[in-house]
Amino acid sequence: MTIQMFEKPLGMRDDFPSIVKRKSKLSKVGIKIMEQFGYEMLQTPSLEYYETIGKISAIADNQLFKLLDNQGQTLVLRPDMTSPIARVAASKLLKEKMPVRLGYYSNVFRAQLREGGRPAEFEQMGVELIGDESLYADAEVILLATEILRGLNVGSGRIVIGHTQLLQQVLRGYGLDDALAEKLRAEMVAKNKVAYENMVDNLVDDTAAKNSLKLIMNTTRLEDWEQWIDQTDTVQQSLYEDMRKLKTLLDRNGLADFVTYDLSFTSHMTYYTGMVFEIYGEGSGFPLGNGGRYDGLMKQFGLHVGATGFGLRVDRLLEAMPAEQENTEQTLILFNEENEENAHIEANKLRKAGERVTLQFASAVKAQEEFSSLFSKVIRMDGEENG
Amino acid sequence: MDKLTIAMPKGRIFEEAYELLVKAGFDLPEELDDSRKLIVEAPNEGFRFILSKPMDVPVYVEHGVADIGIAGKDVLLEQARDVHELLDLEISRCYIATAGLPDTKMDEMTPRIATKYPDIASQFFRSRGEQVEIIELNGSIELAPMIGLAERIVDIVSTGKTLKENGLVEYDKITDITSRLIANPVSYRLKQKRIDEIVERLRK
Chain A
1 MTIQMFEKPL GMRDDFPSIV KRKSKLSKVG IKIMEQFGYE MLQTPSLEYY ETIGKISAIA
61 DNQLFKLLDN QGQTLVLRPD MTSPIARVAA SKLLKEKMPV RLGYYSNVFR AQLREGGRPA
121 EFEQMGVELI GDESLYADAE VILLATEILR GLNVGSGRIV IGHTQLLQQV LRGYGLDDAL
181 AEKLRAEMVA KNKVAYENMV DNLVDDTAAK NSLKLIMNTT RLEDWEQWID QTDTVQQSLY
241 EDMRKLKTLL DRNGLADFVT YDLSFTSHMT YYTGMVFEIY GEGSGFPLGN GGRYDGLMKQ
301 FGLHVGATGF GLRVDRLLEA MPAEQENTEQ TLILFNEENE ENAHIEANKL RKAGERVTLQ
361 FASAVKAQEE FSSLFSKVIR MDGEENG
Chain B
1 MDKLTIAMPK GRIFEEAYEL LVKAGFDLPE ELDDSRKLIV EAPNEGFRFI LSKPMDVPVY
61 VEHGVADIGI AGKDVLLEQA RDVHELLDLE ISRCYIATAG LPDTKMDEMT PRIATKYPDI
121 ASQFFRSRGE QVEIIELNGS IELAPMIGLA ERIVDIVSTG KTLKENGLVE YDKITDITSR
181 LIANPVSYRL KQKRIDEIVE RLRK
């Protein structure tokens, strides 16, 4: 295969000035809100060991970019931020400061399996709240995520919330063994109702159980969940009670109309152990981000504490953000050798006043008319008349 | 009311699916006389139909330019796109099978398989531990064994008539196929009430 000079590796993109501008605005808004909630920004290396982060991250092996370092160790380009942050939090540095609130705005790498057009490198921003197992921590990250969407003027959003542990308990209540429950769960993740219903029909004999299992996929309100909660089971009871408290908290913060409570909502990422959620917005055909409680992940780093958080996809936020009239005023000063000093003085004066000024040696521009037309205002200091 | 965009496959499935919607009591324009139109509005229901190649329906839905769509399970299996499968419409029933000339055995080393469904075919033979060479064709798959391009084909069978007419016999049935109602994951959440209602009405 010959590679053309302008080609880039599969899934890699150049960001042009207008996108860079929007991204920088987005990151400013996002980081400011995260910091207002008391989160401190963290950066982790682009390369990590395959043995640790590569294996612990929930990203499929064939989506990892792998390479060897000069000692023959297998490295990965970081595929997510949650596991590196868990690694940092579990290190000595932060262990004593629990609960710790960390935020990030970073690029991550995931090799694309289909269609070259999808990005293999993209930015994510989000937070991890580590060392707090209470539902208040869960509520905090959901509220923070919605606050960021509000700050970015993303319209008509929706959050879907489920609970992986409660779902697991409920499925167990039907006497399904773990392997079977896992198969049903996989269809719930894909929201493949057809396959799910066929599977239930084939696996479950009791008609009443069959019908109620099928209905799990249709829950939208927290009250809907109640009929699946075993009133004699204290674990289920207390998990459900937590969800009710969570709902009260979210309702009180104006989210009552924006949340769908779907008992069958769960994630393909197996490290989630509690509440899980996903965020959608008009304008992007793909989810804007997701999050949840992942107490299991911290254990892999030898730390027995709870953790919860979320990540938002920057590329999708850009799609969902309203296109706004940017201030594109740009002044051009064309100068010749003689007026060079005055041109600098003039430019600096205008820049101090807040204008964007391009200073250009006139003779270096071949197509002056075309070049000038890119600017909203042109000042000639090259001995020619202002046109 | 927000407009709901529905991607529909052109051709035979379209008529069956359209009839299904009419039967479910949706108020749709009676005749779609101009079959070359790519976008058809049903203002009374707030629907907009996009007419596309059957293979492209899941593409539109995955990218969210169509909220829901009707797609054959064959296409869904082949493309494995990120869409929700909400309902088995039980129309356009057929199945995918392997076929070839009667009383022939496959070459032991690397038999050649002609198909429009390279992923389904490759998965099927891999699951049986057979190494095969897949040859992707875009139509008239039956031709391949007749002229010696491939020993087996993997294709859709509905009545078996086409196979018979070309002197081919079926060997293994791979999977049953029907048309499914699919939804974009984001549209499903943003317009869940409306989409769920459509599902319930079609279910009856």
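Which chain is which? The protein sequence lines are A and B, in order.
When the letters of the first sequence are read in order and numbered with the UniProt record's numbering, they come out as residues 1 to 387.
When the letters of the second sequence are read in order and numbered with the UniProt record's numbering, they come out as residues 1 to 204.
We treat Cβ as the ideally placed atom computed from N, Cα and C, and that holds for glycine.
- Fully contained in the segment 185 to 256 of chain A is no beta strand (DSSP E) run of length 3 or more.
- Three or more Cβ pairs closer than 8 Å define a contact, and the segment 177 to 184 of chain B meets that threshold against the segment 73 to 86 of chain B.
- Excluding residues up to 5 positions away in sequence, Met381, Asp382, Gly383 lie with their Cβ nearer than 8 Å to the Cβ of asparagine 339(A) in the same chain.
- When secondary structure is reduced to three states using DSSP, lysine 23(B) falls in the helix class.
- Between glycine 285(A) and chain B, the shortest Cβ-Cβ separation is below 7 Å.
- Assignment of histidine 84(B) by DSSP, reduced to helix, strand and coil, places it in the strand class.
- Under the three-state reduction of DSSP, alanine 364(A) is assigned to helix.
- With its beta carbon at least 7 Å from every one in chain B, valine 276(A) lies outside the interface.
- Around the beta carbon of arginine 316(A), 16 or more other beta carbons lie within 10 angstroms, which makes this residue buried.
- Annotation: the continuous beta strand (DSSP E) that includes lysine 173(B) extends over 169 to 177.
- Boundaries of the alpha helix (DSSP H) harbouring histidine 344(A): 340 to 352, taken from the DSSP string.
- Here serine 57(A) carries a coil assignment [DSSP, helix/strand/coil].
- Per DSSP, reduced to three states, the secondary structure at lysine 95(A) is helical.
- Along the length of the segment 309 to 335 of chain A, whole alpha helix (DSSP H) runs at least 4 residues long occupy 314 to 320, reported in chain order.
- Proximity of valine 186(B) to chain A, defined by a Cβ-Cβ separation below 7 Å, is satisfied.
- Taking a C-beta distance under 7 Å as the contact criterion, alanine 367(A) and leucine 359(A) do not qualify as a contact pair.
- The beta carbons of tyrosine 117(B) and glutamate 78(B) sit closer together than 7 Å.
- Listed as beta-bridge partners of lysine 66(A) by DSSP are Val76(A).
- In this structure histidine 84(B) is buried. Its beta-carbon is surrounded by 16 or more other beta-carbon atoms within 10 angstroms.
- According to the DSSP assignment, proline 9(B) belongs to the beta strand (DSSP E) that extends over 4 to 9.
- Bridge pairing for lysine 204(B): absent [DSSP].
- Three or more Cβ pairs closer than 8 Å define a contact, and the segment 98 to 110 of chain A meets that threshold against the segment 27 to 47 of chain A.
- Excluding sequence positions up to five before and after leucine 101(B), its CB lies within less than 6 Å of the CB of Pro145, all in the same chain and listed in chain order.
- Residues of chain A whose Cβ lies closer than 8 Å to the Cβ of glutamine 192(B) are, in chain order, Thr220, Thr260.
- The closest CA to that of glycine 103(A), considering only Leu113(A), Ala86(A), Arg114(A), is found on Ala86(A).
- Taking 9 Å as the Cβ-Cβ cut-off, the segment 198 to 212 of chain A approaches chain B at Asn198, given in chain order.
- In the three-state DSSP reduction, lysine 8(A) falls in the coil class, being neither helix nor strand.
- The C-beta separation of methionine 275(A) from histidine 163(A) comes to about 5 Å, placing the pair in contact by the 8 Å criterion.
- Histidine 163(A) has Met275(A) as its beta-bridge partners, per DSSP.
- Fewer than three pairs of CB atoms, one per stretch, sit closer than 8 Å, so the segment 156 to 173 of chain A makes no contact with the segment 56 to 70 of chain B.
- Annotated three-state conformation of phenylalanine 375(A) is coil, per DSSP.
- As computed with DSSP, aspartate 155(B) is found in a beta bridge with Ala97(B).
- Excluding its 5 nearest sequence neighbours in each direction, isoleucine 56(A) has C-beta neighbours in its own chain below 6 Å: Ser83, Gln300, listed in chain order.
- Taking all protein chains in view, the Cβ of phenylalanine 375(A) is crowded by 16 or more other Cβ atoms within 10 Å, so the residue is classified as buried.
- Tyrosine 136(A) sits exposed, since fewer than 16 C-beta atoms from the chains shown fall within 10 Å of its C-beta.
- In the three-state reduction of the DSSP assignment, valine 88(A) falls in the helix class, which pools H, G and I.
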